[in-house]
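According to UniProt numbering, numbering within the sequence shown proceeds without interruption in unit steps and concludes at 472.
Take a look at the structure set out below.
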Amino acid sequence: MEDCSQKYSCRTAKKTLEWINAIVTFIKPYAFLTNAHVTNFFTHKLWQSIDPDWLHCLRNEPVQNLLLIPCGIIQEHWPASLKEFVLDLKCLAFPREQAHLNKLFPGVNVVSLNSVLAQGMNFKKKHEVEVLSAVVSSIANSVGAQTIVDVGAGQGYLAQVLSFQYQHSVVAIDACSHHGTVMEKRAERIKKHYTAQMRKHYPEIGIPNVPKTITSRVMSIDMLKALTSMSPHIDNVKRPELIGQVADDKTSLILAGLHACGDLSVTMLKTFIECKDVKAVVSIGCCYNLLSEGCLDIAGSQCGFPMSYGVKSAGISLGKSSRDLACQSAERWRILKEDAGLHNFELHAFRAAFQMVLCKYYPEIITSSPSIGRQGKVLRRQQQRRILQSSINCEEGKYSSMPETISHMQELCLRHMSESKTGTQCILESYIALKLQLILPFCSTEKLKESGHREKKSLWELKEFIECIPNY
């Protein structure tokens, strides 16, 4: 078997372009698959586009084997074409092995955040801020940057750690005025704590640095260049029209971003290339599905994808569904247990089934591309947090106890399935009633009105269902 790690690389521009072209050549014939959405599995009969030999093989495959496919793990008894497909995907994918921090940044010392700086952070956010702040501080010191600009600062977690713990001059930029207000109030609370500590132990040291806050939407490279030119010693700025009035020609700075969303990461990279004052950029991007696209033929376009001339020359267009699909984590699927995997498949199946209801009874809703089930996702995440971090007090929603109750009902239904039909029916009716309590808020959120068709069982008649999914 060919070693994928040696087949493609980014060591040179030529090799990088070869990799890009190989990816484009591979995915173009499968555009029908990457542009499809699991929500439309039943309505568009997506299984009809798949090789029948693949379907025949995979429908009898254990769930655990299916969960390994995104990581490129195959089974010997699979059709040769399916094995080749999965292995090619594995070779073309970017490696995701975690690098050793000390090898990349020798001498970096990751300091644990104290309770004051960590206030409001969950475990994941705290870990991210601890590591990234140490890396940014190390790079700032190595390039001699006078200022660190936290782009898309949110509530200022990264900016405040860089300012109070590492004593850097920091400017925090965010588009949301509410975030700016929260950031300032949080910084003041932290400032009081550090001021008291300094007066007690280091009276000769003055007042600690406080991040400067700028509330503005970063819509272009020129705007970010103007924002980064602002002196960190001015008062907090909330009016974009003041931008550019306080430029400092001798400014040396770093752009940093933790979860810089969509095009914001692109703007940071382009600003780094075009602005001589920016000595380094440290960006952890996110929400790649929100990258703007479709400007290939527009001169001077600022679209987020594609960025490079190499990808532009390949003439590839992804589309929203492909970008959404690209956000899926192969590793996350691999570590799922069988029950969790089945649960995920069930959720997608029921959402796809609900799409059939929408198409038949609420066709006007389909055109608005509704986001359905967000409350359910929140509830599940809250439940998982309580299980994994029982010591952390999580804010519970209106229906916080509902997931546990429903899970208990599911267990009861399965336990009594072989017992008396009367008892099972009673439990099942209670379970359905609990599910309904969650469904009704979803429907009201999406403004789904009563269709007048009280009886919808005909949609799920056996013959129609078999017609929709004959292979399953």
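Even for Gly, the Cβ is constructed at its ideal location relative to N, Cα and C.
Backbone secondary structure at residue i - three-state DSSP
{"i": "His127", "result": "helix"}
{"i": "residue 474", "result": "The structure shown has nothing for residue 474, since the chain only spans 1 to 472."}
{"i": "Lys45", "result": "coil"}
{"i": "Leu412", "result": "Unreliable positioning characterises Leu412 in this predicted model, as indicated by a pLDDT of 44, which lies under 50. A coordinate reading is not provided."}
{"i": "Thr367", "result": "coil"}
{"i": "Glu76", "result": "coil"}
{"i": "Ser308", "result": "coil"}
{"i": "Tyr30", "result": "helix"}
{"i": "Ser115", "result": "coil"}
{"i": "Thr267", "result": "helix"}
{"i": "Gly180", "result": "helix"}
{"i": "Val136", "result": "helix"}
{"i": "Phe85", "result": "helix"}
{"i": "residue 548", "result": "Nothing can be reported for residue 548: it is not among the residues displayed for the chain, which extend from 1 to 472."}
{"i": "Arg11", "result": "coil"}
{"i": "Phe94", "result": "coil"}
{"i": "Ile316", "result": "coil"}
{"i": "His37", "result": "coil"}
{"i": "Val24", "result": "helix"}
{"i": "Leu291", "result": "coil"}
{"i": "Ala175", "result": "coil"}
{"i": "Ala153", "result": "coil"}
{"i": "Met121", "result": "coil"}
Residues bridged to residue i [DSSP beta-bridge criterion]
{"i": "Ile284", "result": "Leu258"}
{"i": "Ile148", "result": "Val170, Ile254"}
{"i": "Val278", "result": "Leu253"}
Distance, residue j Cα to residue i Cα
{"i": "Leu162", "j": "Ile273", "result": "24 Å"}
{"i": "Tyr8", "j": "Lys191", "result": "50 Å"}
{"i": "Asn60", "j": "Gly341", "result": "15 Å"}
{"i": "Leu258", "j": "Val210", "result": "19 Å"}
{"i": "Ser313", "j": "Ile27", "result": "16 Å"}
{"i": "Ile173", "j": "Pro306", "result": "25 Å"}
{"i": "Ile50", "j": "Leu318", "result": "20 Å"}
{"i": "Gln119", "j": "Val311", "result": "43 Å"}
{"i": "residue 496", "j": "Ser329", "result": "Beyond the ends of the chain as shown, which are 1 and 472, falls residue 496; an answer cannot be given."}
{"i": "Ala226", "j": "Ser252", "result": "14 Å"}
{"i": "Tyr399", "j": "Cys327", "result": "Note that Tyr399 scores a pLDDT of 39, beneath 50, so its modelled location is shaky; the value from the coordinates is reported in the next line. Rounded to the nearest angstrom, the two C-alpha atoms are 28 Å apart."}
{"i": "residue 475", "j": "Val63", "result": "With the chain covering only 1 through 472, there is no way to say anything about residue 475."}
{"i": "Tyr30", "j": "Asp222", "result": "38 Å"}
{"i": "Val182", "j": "Phe85", "result": "49 Å"}
{"i": "Phe42", "j": "Leu347", "result": "14 Å"}
{"i": "Ser292", "j": "Gly304", "result": "5 Å"}
{"i": "residue 475", "j": "Ala256", "result": "Lying before the first or after the last residue shown, residue 475 is absent from the chain, which here runs from 1 to 472."}
{"i": "Glu364", "j": "Asp263", "result": "31 Å"}
{"i": "Val131", "j": "Asn109", "result": "9 Å"}
{"i": "Glu18", "j": "Val218", "result": "33 Å"}
{"i": "Val278", "j": "Ala140", "result": "11 Å"}
Environment of residue i [buried if 16+ CB atoms lie within 10 Å]
{"i": "Arg323", "result": "buried"}
{"i": "Ser216", "result": "buried"}
{"i": "His168", "result": "buried"}
{"i": "Cys275", "result": "buried"}
{"i": "Asn471", "result": "Because Asn471 sits at a pLDDT of 44, beneath the cut-off of 50, its placement in the model cannot be relied upon, and the following sentence gives the value as read from the coordinates. Burial call: exposed."}
{"i": "Gln165", "result": "buried"}
{"i": "Ala196", "result": "exposed"}
{"i": "Ala13", "result": "exposed"}
{"i": "Lys200", "result": "exposed"}
{"i": "Lys337", "result": "exposed"}
{"i": "Ala187", "result": "buried"}
{"i": "Thr213", "result": "buried"}
{"i": "Lys185", "result": "exposed"}
{"i": "Gln48", "result": "exposed"}
{"i": "Thr367", "result": "exposed"}
{"i": "Thr25", "result": "exposed"}
{"i": "Ile148", "result": "buried"}
{"i": "Leu101", "result": "exposed"}
{"i": "Val111", "result": "exposed"}
{"i": "Arg11", "result": "exposed"}
Endpoints, the alpha helix (DSSP H) within which residue i is located
{"i": "Cys344", "result": "Note that residue 344 is Asn in the sequence shown here, rather than Cys. Looking at the DSSP string, the run of the alpha helix (DSSP H) that includes Asn344 is 338–361."}
{"i": "Arg332", "result": "330–334"}
{"i": "Ser321", "result": "320–326"}
{"i": "Lys103", "result": "101–104"}
{"i": "His56", "result": "52–58"}
{"i": "Leu162", "result": "No alpha helix (DSSP H) contains Leu162, which DSSP labels as neither H nor E."}
{"i": "Leu66", "result": "63–68"}
Test: residue i CB closer than 9 Å to a CB of chain E
{"i": "Gly120", "result": "Among the chains in the structure shown there is no chain E, since it carries only a single protein chain."}
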